[in-house]
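To keep things clear, I will list the structure first and then write my remarks on it.
Numbering (the working numbering), first residue to last: 6 to 158.
Printed below as a string of structure tokens:
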């Protein structure tokens, strides 16, 4: 992912936000804020016929040095590309590249209603750690998330 990918990445992110099943965020931030909140690598963009159809990136879970190898992942797939294996390809590649840069644990929080994402993560080696009940509000409604993680080699 390069800065010039941001308009397409933002559009895909906004599609996920609109579902109200992918994130607590209600709007995509400007590039500078998104960039500052994510690790420099790996950052991936999946393309089909030269057009971005998905993206994946990691965020640090803590600023404490002892957690430097623990990251939270984000994987988003464009509406028109869902169900075609794009998410799995991105997540598998993200895990491989994360390990190469020293990440040892990847975690994610998924709304329990987002069955497709829960199943994807399970197929990619993530395990359920637990359910975080009423962890935050989205549109004024308390929501649960399922915390999943994958330990890398």
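Each residue gets a CB set at the ideal place from its N, CA and C atoms; glycine is no exception.
Exercise. For the region 84–139, which segments carrying the alpha helix (DSSP H) assignment without a break, of at least 4 residues, lie completely within its bounds, in sequence order?
Worked result: 91–105, 120–128
Exercise. Based on Cα-Cα distance, which residue from 101, 98, 136 lies nearest to residue 113?
Worked result: Start at 1 with the first residue of the chain shown, and residue 113 comes out as number 108. Comparing Cα positions, the closest option is 136.
For this session: Hey, could you find the ends of the beta strand (DSSP E) residue 51 is sitting in?
Result: Along the chain shown, read from residue 1 onward, the residue named residue 51 stands at position 46. Here the beta strand (DSSP E) through residue 51 covers 48–53.
For this session: Give every residue of the same chain whose Cβ lies closer than 7 Å to the Cβ of residue 84, excluding the five residues on either side of it in the sequence, and list them in chain order.
Result: Here residue 84 corresponds to residue number 79 of the chain shown, with the count starting at 1. Only 20 meet the Cβ criterion.
Exercise. What's the gap between the Cα of residue 8 and the Cα of residue 151?
Worked result: Locating residue 8 in the chain shown gives position 3, counting from the first residue. Locating residue 151 in the chain shown gives position 146, counting from the first residue. One C-alpha to the other measures close to 31 Å.
Problem set entry | Straight-line Cα distance separating residue 62 from residue 125 | Against the chain shown, residue 125 aligns to sequence position 120. Against the chain shown, residue 62 aligns to sequence position 57. Rounded to the nearest angstrom, the two C-alpha atoms are 16 Å apart.
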